[in-house]
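In the numbering used here, the protein residues as written are 11 to 303.
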Amino acid sequence: MAKSPPVFRFAPSPNGRLHLGHALSALTNARLAAAFGGRLLLRIEDIDLTRCRPEFEQGIHDDLAWLGLHFDGMARRQSEHFDDYRGALDRLDAMGLVYPCFCSRQDVKSAVRRREAETGEPWPRDPDGAPLYPGSCRGFSEEERHRRMAAGEPHLLRFAMDRALACAGADLSYAAFDAEGGERRVAVDPMRWGDVVLARKDTPTSYHLSVVVDDALQGISHVVRGRDLEAATDIHVVLQRLLGLPTPLYHFHPLLADETGQKLAKSRQSLGLADLRAQGVTPAEIRGQLGFT
11 MAKSPPVFRF APSPNGRLHL GHALSALTNA RLAAAFGGRL LLRIEDIDLT RCRPEFEQGI
71 HDDLAWLGLH FDGMARRQSE HFDDYRGALD RLDAMGLVYP CFCSRQDVKS AVRRREAETG
131 EPWPRDPDGA PLYPGSCRGF SEEERHRRMA AGEPHLLRFA MDRALACAGA DLSYAAFDAE
191 GGERRVAVDP MRWGDVVLAR KDTPTSYHLS VVVDDALQGI SHVVRGRDLE AATDIHVVLQ
251 RLLGLPTPLY HFHPLLADET GQKLAKSRQS LGLADLRAQG VTPAEIRGQL GFT
């Protein structure tokens with residue numbers, strides 16, 4: 011039987027216009043897909059219904075077409091597949107790995123400040139620099155949780171990471187690949203993320219949960235993304251193991267920085283591809299600047 015071609019994907023969020031960092035990621039995906047004889051899919055990661063907007067989604071298509079990039083088939087829009095993520099969340103819940111948390115972001119910050127004042131030591135942070143959740147709601151009984159939920163108290167759903175790792179078993183790792191096709195095993199440490207959020211009231215799934223479900227449903231075999239998401243792969247590997255999903259091969263490309271040394275980001279209004287286009291910059295110049303001749 012002939013082996014299926016590898017499948018890559020580029021998965022931007024329509025919460026702003028694409029910038030040079032996105033161009034680097036999209037072009038890297040396209041180059042590796044071509045080199046490996048694979049397919050390249052487009053996914054629109056629009057689970058955040060409060061920040062994602064139709065005009066930004068159209069801008070993604072316009073910018074990618076301007077760069078001369080082509081994708082196989084129709085783009086998958088995450089907002090059309092919340093039932094898929096709910097099914098995965100229900101499976102984790104049935105395993106006893108999900109619990110409601112009634113803490114607001116301010117509650118978590120206040121609890122961490124109290125702990126630091128009591129101990130005189132800094133509270134542990136996750137790889138992104140955010141304080142780990144202190145577990146304020148973990149000890150609630152089922153009766154207490156149901157009572158508060160029935161009363162309509164705002165809450166989100168967290169992943170009980172210690173129980174998850176006990177269920178997932180040992181040897182959690184993934185294969186990292188390079189442009190020449192070489193591979194190496196990378197061990198993961200999901201505990202450094204603590205009890206991450208899997209769903210919120212206004213967003214019924216998280217990036218972590220939706221991305222592993224989508225990669226499996228789309229048959230993604232090779233994930234190419236920036237180094238800023240390398241640590242998050244820890245969470246994805248444990249979710250894949252628990253949900254019985256395949257773990258793709260991963261490749262993490264360098265990030266682009268601005269003149270201050272900070273990575274390009276929509277939140278900092280980094281210059282967009284549309285702005286460069288308006289200035290008369292050509293796709294060939296963009297490709298040359300990024301090393302794609």
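Don't be surprised by glycine CBs; every beta carbon is placed ideally from N, CA and C.
Three-state class that DSSP yields for residue i in the structure shown
| i | result |
| --- | --- |
| Lys119 | helix |
| Asp66 | Residue identity check: residue 66 is Phe in the sequence provided, not Asp. Note: Phe66 maps to helix in three-state DSSP. |
| His71 | helix |
| Pro293 | helix |
| Arg135 | strand |
| Leu77 | coil |
| Pro200 | helix |
| Val248 | helix |
| Gly298 | helix |
| Arg96 | helix |
| Leu253 | helix |
| Arg27 | coil |
| Arg61 | coil |
| Arg124 | helix |
| Asp103 | helix |
| Cys113 | coil |
| Cys177 | helix |
| Thr303 | coil |
| Thr213 | coil |
Residue i CB to nearest heavy atom of the ligand COA below 7 angstroms
| i | result |
| --- | --- |
| Val196 | Of the ligands one can find in the structure shown there are none, so the ligand COA has no counterpart to examine. |
Limits of the unbroken alpha helix (DSSP H) element including residue i
| i | result |
| --- | --- |
| Phe18 | First-last for Phe18: Val17 to Phe20, but that is the beta strand (DSSP E), not the alpha helix (DSSP H). |
| Ser35 | Leu30 to Ala45 |
| His218 | Tyr217 to Leu227 |
| Leu286 | Leu283 to Ala288 |
Where the beta strand (DSSP E) through residue i begins and ends
| i | result |
| --- | --- |
| Arg338 | The requested residue 338 does not occur in the structure, where the chain is confined to residues 11 to 303. |
| Ile54 | Arg49 to Ile54 |
Beta-carbon proximity of residue i to residue j, cut-off 8 angstroms
| i | j | result |
| --- | --- | --- |
| Pro141 | Arg148 | no |
| Cys62 | Asn25 | yes |
| Ala168 | Tyr184 | It should be noted that the sequence gives Arg, not Ala, for residue 168. No, Cβ-Cβ distance for Arg168 and Tyr184 is not below 8 angstroms. |
| Asp225 | Lys273 | no |
| Val17 | Ser280 | no |
| His218 | His246 | yes |
| Gln228 | Leu51 | yes |
| Ala21 | Arg41 | no |
| Val207 | Leu182 | no |
| Ala121 | Ser146 | yes |
| Leu79 | Ala36 | yes |
| Phe302 | Pro214 | no |
| Leu252 | Met84 | no |
| Val248 | Ala178 | yes |
| Ser216 | Gln88 | no |
| His71 | Ala186 | no |
Cβ neighbour criterion (16 or more within 10 Å) applied to residue i
| i | result |
| --- | --- |
| Glu163 | exposed |
| Asp257 | Strictly speaking, residue 257 in this sequence is Thr, with Asp absent from that position. Per the 10 Å Cβ criterion, buried. |
| Asp73 | buried |
| Gly204 | buried |
| His156 | exposed |
| Ala267 | exposed |
| Met171 | buried |
| Leu99 | buried |
| Thr243 | buried |
| Pro137 | exposed |
| Gln68 | exposed |
Which residues DSSP lists as bridging residue i, in chain order
| i | result |
| --- | --- |
| Phe169 | Val108 |
| Gly236 | His263 |
| Glu193 | Phe187 |
| Val207 | Arg168 |
| Arg87 | Ile54 |
| Pro141 | Arg135 |
| Lys273 | Ala267 |
Minimum Cβ-Cβ distance from residue i to chain C less than 8 angstroms
| i | result |
| --- | --- |
| Val122 | Of the protein chains in this structure there is only one, and it is not chain C. |
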